[in-house]
Amino acid sequence: MMTLKKAGRLLVALFLAQAWHPVAAQSKQTVYGYVRDAANGEGMVGASVRLKSQPTGVTTNPYGYFSLTLPPLADTLIISFIGFQSQSLSVAALKPEQAVQIRLVAVARQMNEVTVQANGTPQNIRSLEMGTVRLDLKTLKTLPTLLGEVDLVRSLQLLPGVTSVGEGATGFNVRGGRVDQNLILLDEAPVYNSSHLMGFFSVVNSDAVKDATLIKGGVPAQYGGRLSSVLDVRMKEGNTERFQAAGGVGTLSSRLAIEGPLGKGNSNQQNTSRGSFLVAGRRSYSDLIIGLSGDEQLRRNSIYFYDLSAKVNYRIGAKDRIYGSLYSSKDVFRVDFQGKKVDMEWMNQTGTLRWNHLFSRRLFANLTGVYSAYTYQLGIPQEAQGDISLDLPKGIRGADWTSGIRTYNLKTDFTFYADYHNTLTFGGSFLRYRFDPGALSPTGNDSPVEGITLPAKHSREYALYVDNEQTAGARWAFRYGLRLSGYDYLGPQRVYDYVAVEKGAKRPANEQTFGSGTVIRSFYNLEPRFSLRYIINDESSIKLSYNRMAQYIHLISNTTAASPLDNWTPSTNNIQPELADQFSAGYFRTLNQKRWDVSAEVYYKRVQNVIDYRNGAETRLNPDLEADLLYGRGRSYGLETYVRKAGGRLTGWLSYTLSRTEQQIDGISNNTWYAANHDRRHVGSAVSTYALSKRWSVSATFTYSTGIATTAPNARYEADGGTIVVPINTDNVRNNFRLPAYHRLDLSATWRGWSKPDRRWRSEWVFGLYNVYARRNPFSIYFEQNDGLNTQQTNAVRLAILGSILPSVTYNFHF
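Those letters in the sequence shown? Residues -25 to -1, 1 to 790, by mature numbering (1 follows the signal peptide of the UniProt record, and there is no 0).
As structure tokens, then:
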């Protein structure tokens, strides 16, 4: 531990010495302030602020703040943001001791033009970011959706490098990673299950979202804890100018968001309020429709979800502002189909409290406290008779099963704007985890189940990081940093050390008992980060990046697709943290007066301590779960291409990914490399929107991907004279077969109501067709014995979650 402290102090000292030296050389003017959206007063994330004579400058932080130390004789500042009109400011006219309040006006989207105006080199060329996408929520709302529900997470799958194992799958996969290897943040709070309705919709309400960024490579040092990606979602802060509402009524659900100002601002401030608020809600009503049915069997079913989002911010002084946000969601899934009953509920809850403080014009600080919880409950009816395939031990019925995870997090982040060419970020975080592996309780006197409660597990994770973004001349830019992460597995706990045996689960070798708060096992990791950008000319650049990531918690899921019933577990004395090293390189270019963006990226990722399961592993209510886990190495590599058209009547993009994801784990597939079950070789998407007139537009999306890998039998075992046939895999090769390819076409048309400058009410109708040619995309294939005359045959049964066209109508409004 002392070694880590000394390394951290030395690293910070080196960064500060490097960054401070040019500042101390001579007195320079520092311009600082906020860039806001003129329509609602919210801070703009990632806006560019630079001198007119320089190709690069700084970008605003997540709260819209910037600071720029100017060289002598600086004349004009250029402030720009994609989709907004650029603004010029004379340096001589600025007051040195007063924060600048800059308000950008959105570019009007006309029938025949959807353009982005910016001077100099385009942002995607000069930015250091690679493998990073900032989602345009306005564009997403025009695309075809499932049952008219705009879905942030499902839209990610139209981008290169992002896939899913199929419809009805919880989460998404990025560059060959598992779903638990994505860090999903909602106002800095981790979300442990990102899906509603068994994976068909995401838990994020698009009406409450201000900004969403997906980072696949070149991950900054402030992020950690997952191997594959970061999805950083920021909720709206609320309109500081006036009260407004937005919502919609769709085929599946309805939603409403209300926002407005709080308090009165100072007369010398451009904004008229000291704060603002947002409240947004969404609920599906399939259960209400089912309840009106005349079919008594159908009325026994109840499937619905809801989520609530709330946020408030308030300026308590010239240098201080506080933010508070809450999120809660719940899913209910009660199905009674031909005697097979499922009764499930799962819930997400998050809370975030943040304090912004400006220590000086060049030092911005943010202190954050976070609470996040995910829990689920499964009701197993008395009459179930084991007919529910949920990977539960046999004979369990007449019981309720609950499980969950809770997180408490305290973190601090500093941004020091050293000079025009250096921006230093540093900080630290402390997380405390509580894992509840499972509790089983009987629901009646006739239940054959005795109460079972697996002991809770506790751990803590902590980190320090430092990062510097530096420009060198007009062409070169670098970001280099280091994250020092540590982790402790804590008591109270009875732990076992397992040893491998020739067949079956590992066997416990010894046992120890640890008291509350006692450190059972500790892990420490150095996680270096590096990014480089070289501008070839005003229209092209190349970028390189490397990052190491460590992951200390893991999702236990022994199925093709993750489900709401999967368990999170910490690293323990038997489970090692997973480590990933990723190398990326990319070429970026703009064409045709900056209306076309083209990029190509290659990546290679290697993973240590990757987790898989022995044959026949039990993952539910298993006190010896760690004995069923196997560990090895993984690798993923691929090519991602992306072409986007941002101007004219026709807009959209094409994406294609060629990749391979493999694992090698002793005890699986004869100890050779085998395809991961989420490996997809070819994945492509085509997205387009065409403006027919000022009021009508049409959109289409087409997706294609190679089928996922699964394990199929190559022989069979016969018993009782051939009347019993059991398919088996004698080669012991995992994922030796691929499902048929997945492909789907979706269409939509949007009609916008008349909009006048003095009229606040705006509305639109969206008509959609999902899965236009009714493709029965396979979710899985399983094998069963023929129940007809020839019982010696086995049938391959193809399971498709959706196999028909789904129309939808949605009415959206804003006032």
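For every residue, glycine included, the Cβ atom is placed at its ideal position computed from N, Cα and C.
Taking a cut-off of 8 Å for Cβ pairs, the segment 634 to 646 and the segment 601 to 619 touch, as three or more such pairs fall below it.
For L127, the uninterrupted alpha helix (DSSP H) run begins and ends at L127 to L131, by DSSP. Pairwise C-beta distances place the segment 738 to 756 in contact with the segment 711 to 724, as three or more of them are shorter than 8 Å. The segment 251 to 265 and the segment 210 to 222 touch, with three or more beta-carbon pairs separated by less than 8 Å. With contacts defined by Cβ atoms closer than 7 Å, L103 and S516 do not form a contacting pair. The residues V6 and V75, in chain order, have a CB closer than 7 Å to that of L69 in the same chain once the five nearest residues on each side in sequence are set aside.
Counted as a single uninterrupted DSSP element, the alpha helix (DSSP H) harbouring R101 occupies residues Q98 to R101. A285 and G456 have their C-alpha atoms some 34 Å from each other. If the five residues before and after T387 are omitted, its C-beta is found closer than 8 Å to the C-beta atoms of A340, N341, L342, T343, G402, G403 and S404, all from its own chain and listed in chain order. Secondary structure note for L112: its alpha helix (DSSP H) is the uninterrupted segment L112 to L115. Between the segment 373 to 382 and the segment 343 to 357 there are three or more C-beta pairs closer than 8 Å, enough to call the two in contact. Scanning G151, V80, L134 and G32 for the CA closest to the CA of R656 turns up G151. Nearest C-alpha to Y289 among H789, Y473 and R249: R249. For A716, no beta strand (DSSP E) run applies, since DSSP gives it neither H nor E. Taking C-beta separations shorter than 7 Å and ignoring five residues to either side along the sequence, the partners of F410 in its chain run I380, A431, K432, W543, T544 and P545, following chain order. In the same chain as L227, and ignoring 5 residues on each side of it, the C-beta atoms closer than 6 Å to its own belong to L122, E124 and S259, in chain order. 7 Å or more divides the Cβ of N752 from the Cβ of N710. Taking one beta carbon from each stretch, the segment 545 to 562 and the segment 582 to 595 have 3 or more pairs nearer than 8 Å; the two touch. Counted as a single uninterrupted DSSP element, the stretch harbouring F56 is not any beta strand (DSSP E), since DSSP gives it neither H nor E.
Between S520 and G192, the beta carbon gap of about 5 Å places them in contact (Cβ cut-off 8 Å). Residue pairing of M319 in beta bridges, as defined by DSSP: F308 and L353. Contact check between the segment 106 to 119 and the segment 187 to 206: three or more CB pairs, one atom from each, fall below 8 Å, which counts as touching. If you look at I380, you'll find it in the beta strand (DSSP E) that goes A374 to D394. Nearest to T120 by C-alpha distance, out of Y281, S177 and L439, is S177. A Cβ-Cβ contact shorter than 7 Å links Q156 with R201.
For A232, the enclosing beta strand (DSSP E) begins and ends at S228 to L237. In the structure shown, V140 falls within a coil segment according to DSSP collapsed to helix, strand and coil. The three-state secondary structure of R274, taken from DSSP, is helix. Taking 4 residues as the shortest admissible run, the segment 491 to 563 contains no complete alpha helix (DSSP H) segment at all. Looking at the backbone, the Cα of S738 and that of V224 are separated by about 11 Å. Note that the segment 229 to 237 does not touch the segment 156 to 167; fewer than 3 beta-carbon pairs, one per stretch, sit closer than 8 Å.
Beta-bridge annotation (DSSP): M105 is not paired with any residue. Pairing S730 with N522, the inter-Cα distance amounts to about 48 Å. Boundaries of the beta strand (DSSP E) around K432: K432 to A447.
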